[in-house]
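Residue numbers (the numbering used here): 246 to 378.
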């Protein structure tokens with residue numbers, strides 16, 4: 246049992262050694278990022294042109310007070326979007342043929358009223374009580 250414990254302890258690095266490895270990795274990674282940033286700046290400053298790059302994903306919203314990028318969506322923007330959105334109304338005219346029937350019925354009613362008005366005008370003209378002016 247002691248042999249296995251010793252092998253386990255020897256196979257895993259000590260805390261100080263592990264911390265040193267992590268520190269080395271982080272510093273080398275930060276240096277690499279800094280070099281990439283400098284090369285991008287050099288490309289931009291080379292001819293006075295800036296290179297437009299495509300960034301995938303949505304733009305982060307910023308906090309209005311501090312200007313810090315926040316991952317969440319502003320509540321006011323959500324409310325605006327919901328206000329602008331039309332509510333879906335499923336009424337009596339759900340089916341297309343019902344919409345057509347309703348339009349046809351409305352047109353028939355209007356035509357009937359028009360005919361009644363024409364008859365009334367003819368009656369008034371016949372009685373000589375019609376004065377348009």
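Backbone N, C-alpha and C define an ideal beta-carbon position, used for all residues, glycine too.
Between the CA atoms of residue j and residue i - distance to the nearest angstrom
i           : j           : result
residue 331 : residue 341 : 20 Å
residue 251 : residue 263 : 18 Å
residue 373 : residue 363 : 15 Å
residue 326 : residue 271 : 43 Å
residue 254 : residue 266 : 18 Å
residue 229 : residue 320 : Past the boundaries of the shown model lies residue 229; the chain is included only from 246 to 378, so the question cannot be answered.
residue 334 : residue 286 : 54 Å
residue 257 : residue 248 : 15 Å
residue 277 : residue 259 : 27 Å
residue 284 : residue 273 : 17 Å
Backbone secondary structure at residue i - three-state DSSP
i           : result
residue 353 : helix
residue 371 : helix
residue 334 : coil
residue 340 : coil
residue 259 : coil
residue 251 : helix
Nearest-angstrom Cβ-Cβ length linking residue i and residue j, presumed shorter than 8 Å
i           : j           : result
residue 344 : residue 338 : 4 Å
Closer than 8 Å: residue i CB and nearest the ligand ATP heavy atom
i           : result
residue 275 : Absent from the structure shown: the ligand ATP. Ligands present: none.
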